[in-house]
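Chemist: Once you've had a glance at the structure underneath, I'll fire off some questions.
4 protein chains.
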Amino acid sequence: DDLGRLVVRCPDRPGIVHLLSGLLTELGANITDSQQHSSDPSGGTFTLRLEFVLAGLASRRAELEARLAAVAGEWELTWRLTEAAHRPTVAVFVSRADHVLQELIYRVRAGDLRADIVAVLSNHPDLAPVAAAAGIPFHHVPVTPATKADAEARALELIGDVDLVVLARYMQIVSADFCSRFPERLINIHHSFLPAFVGANPYQAAHDRGVKLIGATAHYVTPELDAGPIIEQEVARVDHRATVEDMRRVGRYVERQVLAQAVTWHVEDRVIVEGPRTIVFA
Amino acid sequence: DDLGRLVVRCPDRPGIVHLLSGLLTELGANITDSQQHSSDPSGGTFTLRLEFVLAGLASRRAELEARLAAVAGEWELTWRLTEAAHRPTVAVFVSRADHVLQELIYRVRAGDLRADIVAVLSNHPDLAPVAAAAGIPFHHVPVTPATKADAEARALELIGDVDLVVLARYMQIVSADFCSRFPERLINIHHSFLPAFVGANPYQAAHDRGVKLIGATAHYVTPELDAGPIIEQEVARVDHRATVEDMRRVGRYVERQVLAQAVTWHVEDRVIVEGPRTIVFA
Amino acid sequence: DDLGRLVVRCPDRPGIVHLLSGLLTELGANITDSQQHSSDPSGGTFTLRLEFVLAGLASRRAELEARLAAVAGEWELTWRLTEAAHRPTVAVFVSRADHVLQELIYRVRAGDLRADIVAVLSNHPDLAPVAAAAGIPFHHVPVTPATKADAEARALELIGDVDLVVLARYMQIVSADFCSRFPERLINIHHSFLPAFVGANPYQAAHDRGVKLIGATAHYVTPELDAGPIIEQEVARVDHRATVEDMRRVGRYVERQVLAQAVTWHVEDRVIVEGPRTIVFA
Amino acid sequence: DDLGRLVVRCPDRPGIVHLLSGLLTELGANITDSQQHSSDPSGGTFTLRLEFVLAGLASRRAELEARLAAVAGEWELTWRLTEAAHRPTVAVFVSRADHVLQELIYRVRAGDLRADIVAVLSNHPDLAPVAAAAGIPFHHVPVTPATKADAEARALELIGDVDLVVLARYMQIVSADFCSRFPERLINIHHSFLPAFVGANPYQAAHDRGVKLIGATAHYVTPELDAGPIIEQEVARVDHRATVEDMRRVGRYVERQVLAQAVTWHVEDRVIVEGPRTIVFA
């Protein structure tokens with residue numbers, strides 16, 4: 001319960017590690033993991049992720065934040081401080097395919113994904129039983145081109161104030177407005193190795209092109225289709241015998257792995273968006 | 001010396017395996033490997049690759065071809081018959097980077113690639129020593145936009161009548177006319193996971209997009225840039241720390257592996273072009 | 001419903017492909033897939049796996065078998081003929097860990113594993129709810145050293161006449177007698193890259209040795225512990241940060257993938273045991 | 001030229017990162033990379049690897065070392081300080097196979113392996129031309145059981161005071177005495193996935209066991225055969241068609257990759273031996 005995570009970003013200059021390690025040490029924290037990245041050795045942005053143990057973390061959080069605030073101006077710091085005991089809430093959007101949802105449910109239960117799926121929302125009713133079996137509220141919100149804005153508004157009401165929204169093979173394009181509600185908190189799985197095969201029907205396109213590897217990409221969603229910062233990608237080998245349907249079948253196992261990995265890293269504060277890219281402290 | 005390879009293609013219909021296995025058996029051949037593919041179980045194209053041992057193959061080749069010719073009309077067969085003892089001749093085109101050329105030379109020497117590199121041709125003089133060390137004639141043929149047609153004509157003269165041309169990081173786009181001289185016998189390595197990052201500077205583009213895997217693609221060259229049938233692809237993992245230069249360095253090892261594999265399969269008659277795709281009997 | 005699979009083994013000699021393709025062609029079957037292997041080009045065993053479509057397969061099965069029987073003596077053939085429409089029955093043995101069982105249940109439901117899990121049997125009661133949720137009978141058969149023989153006898157009664165038994169992280173060693181009841185029909189997942197780390201606690205042993213990859217192995221069970229013919233293996237990368245518990249967690253995903261793949265190949269008649277090894281026509 | 005690397009080890013306790021970052025910051029160094037590991041959060045050993053830029057590093061090295069020495073007693077520090085501009089010297093021991101040696105030579109030339117191969121030593125004369133082509137002195141030191149001690153003494157004389165000895169498919173077991181001359185500075189490539197197939201002829205053993213993946217392992221050499229701390233491992237897939245010779249051929253490409261990677265990490269001070277394991281700050 002005393003495990004904390006601190007992600008700090010600031011302009012890169014000498015002494016920042018010393019400053020932050022000193023700040024935590026003075027409080028009596030023990031740094032158990034530290035990873036850092038400089039976007040550019042000269043004049044770039046410095047990112048530091050610390051895991052630390054601080055006795056009585058919950059009650060001393062304000063003190064730690066006050067100390068960070070005291071130096072934030074001079075060092076131009078921004079930070080994110082998380083208590084590992086806090087389990088983020090997640091809403092999962094699906095359509096008809098269940099494989100990614102099943103995987104997320106499995107990993108939460110297995111203790112490998114430390115988050116709570118608080119809602120499953122779909123534009124189809126098919127997966128209601130999957131949610132029910134896992135004891136998760138299911139919301140059926142049909143979408144047509146004409147009702148899209150209303151549907152999104154309804155979805156927002158239903159899922160409420162969640163920490164993360166995951167599009168787990170949700171076959172609808174969400175609006176720019178919807179994206180803006182979940183900045184860097186909206187993750188999609190695209191069933192291709194982006195930027196190859198943006199848009200609909202990527203397995204058909206992959207088959208037509210005759211690729212020898214198929215892939216999947218988990219990324220943060222931004223208004224531009226399939227163009228947001230990539231969190232994780234993986235591929236699987238196929239050969240000339242693979243039909244489009246075979247690619248879909250093989251791809252399902254890649255998709256579930258890639259999305260589950262991306263969500264796990266996200267909820268552990270391991271993913272930091274840096275412009276069009278991500279830093280992943282895996 | 002008696003090992004032969006026969007690749008046959010025809011419209012798919014019952015009895016074709018029986019026909020061809022019978023034809024070889026009657027001659028006294030022993031089929032040691034057989035792989036087949038149907039592009040479509042109903043009404044597609046059937047492709048069969050056989051390896052067989054036939055005592056006195058070289059002297060009996062005409063007889064085997066006569067038997068194939070006798071049934072070719074009725075069954076609409078096309079075929080390619082190769083004596084494994086024949087070593088194909090290869091011309092390798094390079095620019096300044098040597099890693100793929102070195103790998104091809106190594107694999108020929110190691111006996112893993114059964115072909116003879118008979119010429120190295122480059123638009124730069126840099127790799128002359130590499131060719132010299134391997135005892136391979138080196139041709140320096142500079143290319144400018146104005147002299148491109150002449151340069152290609154000169155290249156054709158210099159390499160003569162080779163079985164295969166390999167573009168081993170040759171940083172020039174070859175003309176449609178040049179392509180047409182080597183149908184399904186001109187292989188390029190593109191330093192991305194096609195169809196992502198077609199064209200120049202794919203590692204820069206991959207870095208800009210923030211991909212988590214970089215790739216390489218070996219393909220037959222057709223007039224449309226980077227769009228020919230793919231023979232082999234592979235990827236390597238990179239993370240947020242990788243600069244463009246790091247990606248180039250990692251990519252070199254993927255490129256050499258992918259191209260060497262593709263060329264090896266090609267010279268063993270394992271690759272069959274089928275429209276925009278390839279069948280690879282690996 | 002008319003899809004059949006024929007696996008034939010015999011001493012290798014010229015003409016066998018011709019014989020079998022002729023036999024099927026005469027019946028009017030269309031061979032849609034063919035894979036073959038010679039254990040040794042001179043004097044070894046030849047193995048052929050054919051997929052074919054034969055109208056009215058179920059009713060013509062006897063005819064096909066009669067034709068095979070007619071040549072079996074002369075050619076020393078053994079064969080296995082399967083109607084793809086037949087779904088094999090599977091009993092899954094587990095202890096407390098659910099990840100492999102869950103995966104098998106998922107793949108059956110998804111249609112990727114064409115078999116019916118007809119019983120889950122465990123030496124612990126923990127996974128009864130998992131079986132119940134999937135509508136599969138669950139049998140709790142405790143085992144102690146003293147009751148092992150009785151427990152196995154009870155297990156045999158409970159599972160009845162199944163086509164395949166899968167040990168899905170069943171933490172008991174089965175007896176030689178039990179093995180003999182399911183020759184080449186008893187598959188185990190061992191949580192290491194065999195033959196490294198035979199026996200108990202392989203993740204602890206892997207950690208102690210400081211390996212950089214952990215693995216899993218699916219194999220047919222024989223009386224000698226962890227020594228049966230290997231069907232499939234896979235590995236995952238770990239680094240110095242991985243504790244034994246981390247290895248167990250990562251390993252779970254490798255184990256479920258490897259066992260599910262092995263079982264899928266088995267039920268599709270793609271695995272043929274050849275002495276201490278397997279042929280896998282993947 | 002001003003890039004330095006500092007690897008520090010000490011008992012784990014709060015404040016150590018603060019201490020070391022402060023020490024470097026006060027000198028005016030800029031920490032460009034930092035990786036750390038705790039063998040055990042409570043009471044284990046802490047390992048820190050820093051890359052830093054310090055203007056005039058070579059001339060200020062003594063000052064930095066003095067500061068480290070001043071705190072070494074209190075904090076029980078041990079450290080290794082390297083100037084990146086220093087290129088370690090390497091002696092490569094081979095027998096008849098050239099693939100790993102060729103790869104090391106290639107990577108040095110390509111600038112991917114920042115070291116100087118100053119000697120190639122072999123118990124066979126075969127690879128003298130490879131060394132000669134690369135401009136590296138070649139020493140032929142035959143070994144028989146009777147002459148082993150003398151041969152090792154002669155080898156030590158010939159290679160002199162090198163930073164690293166690499167056994168690049170050197171088919172002799174070196175003595176405990178030889179090992180003791182190069183503690184954590186003697187790297188071997190074993191052609192199996194250790195601890196599977198310790199000792200001679202691992203590909204034959206792998207074939208006999210019917211494995212589906214073959215591997216290679218780079219490790220520090222200790223007196224116990226094939227039991228030293230593992231630096232890197234990799235595998236490649238094989239199937240039932242692979243003969244022992246095929247495994248050897250496939251394995252060569254795995255071996256060269258694994259050993260070259262291990263040596264590269266070693267010369268960049270990324271590998272730290274911790275008991276029977278290694279920490280690799282890749």
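Chains as they are written, first to last, in my numbering: chain X, 1 to 282; chain G, 1 to 282; chain S, 1 to 282; chain W, 1 to 282. Where is the CB? At the ideal position from N, CA and C, for every residue including glycine.
1) Closer than 7 Å between beta carbons: that is the criterion. Which residues of the segment 5-26 of chain W meet it against chain X?
2) Please list, in chain order, all residues of the same chain as P137/G whose beta carbon is under 6 Å from its beta carbon, the five residues on each side excluded.
3) Taking 8 Å as the threshold (beta carbon to beta carbon), is D112/G in contact with chain W?
4) 8 Å is my cut-off, CB to CB: does N123/W come that close to chain X?
5) Helix, strand or coil for Q172/G? Go by DSSP, reduced to three states.
6) What does S38/S reach in chain G if we use C-beta pairs closer than 7 Å?
7) Using a cut-off of 9 Å between C-beta atoms, extract the partners of R270/X located in chain S.
8) Could you check if G210/S belongs to the surroundings of the ligand FAD, using beta carbon to heavy atom distance under 7 Å?
9) Could you spell out the range, first to last residue, of the beta strand (DSSP E) harbouring E234/W?
10) Name the one or two DSSP bridge partners that N188/S has.
11) By how many angstroms is the C-alpha of L64/W removed from the C-alpha of E26/W?
12) For a contact defined as C-beta to C-beta under 9 Å, what are the partners of H99/G on chain W?
13) Report the rounded CA-to-CA distance for F281/W versus H266/W, giving the unit in angstroms.
14) Can you check which of these residues, Q204/S, G135/S, D126/S, L3/S, is closest to T82/S by C-alpha distance?
15) In whole angstroms, what separates the C-alpha of P276/S from that of D208/W?
16) Which residues of chain S have a Cβ atom closer than 8 Å to the Cβ of I230/W, listed in chain order?
17) For H266/G, which three-state DSSP category applies?
18) So, at 7 Å on beta carbons, what are the nonlocal neighbours of R241/S in its own chain, with the 5 sequence-adjacent residues on each side left out?
19) By alpha-carbon positions, which one of L101/X, A72/X, T147/X ends up nearest to N188/X?
20) What is the rounded straight-line gap between the Cα of L6/S and the Cα of L48/S?
21) Below 6 Å CB to CB, which residues in the same chain sit around E248/W once its five sequence neighbours on both sides are set aside?
22) Go to A119/W, then tell me how far its beta strand (DSSP E) extends in each direction, as first and last residue.
23) How about P88/W and L158/W: are their beta carbons less than 8 Å apart?
24) If I follow the unbroken alpha helix (DSSP H) through V130/S, where does it start and stop?
25) By Cβ distance below 7 Å, which residues in the same chain neighbour A84/G in space, the five residues on each side in sequence not counted?
26) DSSP state of G4/X, grouped into three classes?
27) Can you tell me the Cβ-Cβ gap for A262/X and A218/X, rounded? I've got them flagged as a contact below 8 Å.
28) Residues in the same chain with beta-carbon distance under 6 Å from D33/S, minus the five sequence neighbours each way, listed in chain order, please.
29) Classify E76/S: buried if its beta carbon has 16 or more other beta carbons within 10 angstroms, exposed otherwise.
30) On the CB-based measure, 16 or more other CB atoms within 10 Å of its CB, does D145/W come out buried or exposed?
31) Who are the Cβ neighbours of L225/S in its own chain at under 8 Å, not counting the five residues just before and after it?
32) Mind listing the chain A neighbours of R249/W? Cutoff is C-beta to C-beta under 7 Å, in chain order.
33) Roughly how many angstroms lie between the CA atoms of I117/S and A196/G, to the nearest whole one?
34) Under the rule that 16 or more other beta-carbon atoms within 10 Å means buried, what is P41/S, buried or exposed?
35) Step through the CB atoms of chain W and report whether any lies within less than 8 Å of the CB of I187/S.
36) Leaving aside the five residues before and after L121/G along the sequence, list all residues of the same chain whose C-beta is less than 7 Å from its C-beta, in chain order.
Modeler: Once the coordinates are examined:
1) P14, G15, V17, H18, S21, G22, T25
2) Indexing the second sequence from 1 puts residue 137/G at position 137. Around P137/G: A119.
3) The residue labelled residue 112/G in the question sits at position 112 within the second sequence. D112/G counts as touching chain W.
4) Translated into the one-based positions of the fourth sequence, residue 123/W becomes position 123. Output row for N123/W: interface = no.
5) Counted from its first residue, the second sequence places residue 172/G at position 172. DSSP places Q172/G in coil when its eight states are reduced to three.
6) Translated into positions along the third sequence, residue 38/S becomes position 38. The answer, in chain order, is T32.
7) Sequence index remark: in the first sequence, residue 270/X carries index 270 (1-based). What R270/X touches in chain S: nothing, since even the nearest Cβ is about 13 Å away.
8) Questions concerning the ligand FAD fall outside what the structure shown contains, since it holds no ligand whatsoever.
9) On the fourth sequence, position 234 is the one that residue 234/W refers to. Residues 230-237.
10) Within the third sequence, the letter at position 188 stands for residue 188/S. Its beta-bridge partners are L167/S, H219/S.
11) Indexing the fourth sequence from 1 puts residue 26/W at position 26. Indexing the fourth sequence from 1 puts residue 64/W at position 64. About 10 Å.
12) Here residue 99/G is taken as the residue at index 99 of the second sequence, counted from 1. The answer, in chain order, is Y106, A110.
13) For the purposes of this step, residue 281/W is identified with residue 281 of the fourth sequence, where counting begins at 1. For the purposes of this step, residue 266/W is identified with residue 266 of the fourth sequence, where counting begins at 1. Distance between the alpha carbons of F281/W and H266/W is about 10 Å.
14) For the purposes of this step, residue 82/S is identified with residue 82 of the third sequence, where counting begins at 1. Closest option to T82/S, Cα to Cα, is L3/S.
15) Working through the third sequence from its first residue, we reach residue 276/S at position 276. Working through the fourth sequence from its first residue, we reach residue 208/W at position 208. Going by the C-alpha atoms only, they are around 7 Å apart.
16) For the purposes of this step, residue 230/W is taken as the residue at position 230 of the fourth sequence. What I230/W touches in chain S: R209, G210, V211, K212.
17) Translated into the one-based positions of the second sequence, residue 266/G becomes position 266. Residue state, collapsed to three classes: helix.
18) As a first step, residue 241/S must be located in the third sequence, where it is residue number 241. For R241/S, where only same-chain residues beyond five positions count, there are no Cβ hits under 7 Å.
19) Taking the first residue of the first sequence as position 1, residue 188/X is located at position 188. Of the candidates L101/X, A72/X, T147/X, the one whose C-alpha sits nearest the C-alpha of N188/X is L101/X.
20) Locating residue 6/S in the third sequence gives position 6, counting from the first residue. Locating residue 48/S in the third sequence gives position 48, counting from the first residue. Roughly 8 Å separates the two Cα atoms.
21) The residue given as residue 248/W occupies position 248 in the fourth sequence. The residue you asked about is not Glu; residue 248/W is Arg in the sequence shown. So the qualifying residues of the chain are Y203.
22) Taking the fourth sequence and counting its residues from 1, the one referred to as residue 119/W is at position 119. Here the beta strand (DSSP E) through A119/W covers 116-122.
23) Locating residue 88/W in the fourth sequence gives position 88, counting from the first residue. Locating residue 158/W in the fourth sequence gives position 158, counting from the first residue. For P88/W and L158/W, no; Cβs fall outside 8 Å.
24) Counted from its first residue, the third sequence places residue 130/S at position 130. Start and end: 128-133.
25) As a first step, residue 84/G is located in the second sequence; it is residue number 84 there, counting from the start. So the list reads L3, G4, R5, once near-sequence residues are dropped.
26) Translated into the one-based positions of the first sequence, residue 4/X becomes position 4. G4/X: strand per DSSP, three-state reduction.
27) Along the first sequence, one-based indexing puts residue 262/X at 262. Along the first sequence, one-based indexing puts residue 218/X at 218. The Cβ separation is near 3 Å, so the contact holds.
28) Mapped onto the third sequence, residue 33/S falls at position 33. Cβ within range, chain order: E51.
29) Walking along the third sequence from the start, residue 76/S turns up at place 76. E76/S comes out exposed.
30) The residue labelled residue 145/W in the question sits at position 145 within the fourth sequence. Looking at the sequence shown, residue 145/W is not Asp but Pro. Per the 10 Å Cβ criterion, exposed.
31) As a first step, residue 225/S is located in the third sequence; it is residue number 225 there, counting from the start. Here the set comprises I173, V198, G199.
32) Of the chains in the structure shown, none is chain A; the protein chains are X, G, S and W.
33) Numbered from 1 along the third sequence, position 117 holds the residue referred to as residue 117/S. Numbered from 1 along the second sequence, position 196 holds the residue referred to as residue 196/G. Their backbone Cα atoms lie some 42 Å apart in a straight line.
34) The sequence position of residue 41/S within the third sequence is 41, counting from 1. Counting Cβ neighbours within 10 Å, P41/S comes out exposed, since fewer than 16 surround it.
35) Sequence index remark: in the third sequence, residue 187/S carries index 187 (1-based). No, no contact with chain W.
36) For this step, residue 121/G is matched to residue 121 along the second sequence. Excluding positions up to five away in sequence, the list reads A91, F93, H139, V141, A155, L158, I159.
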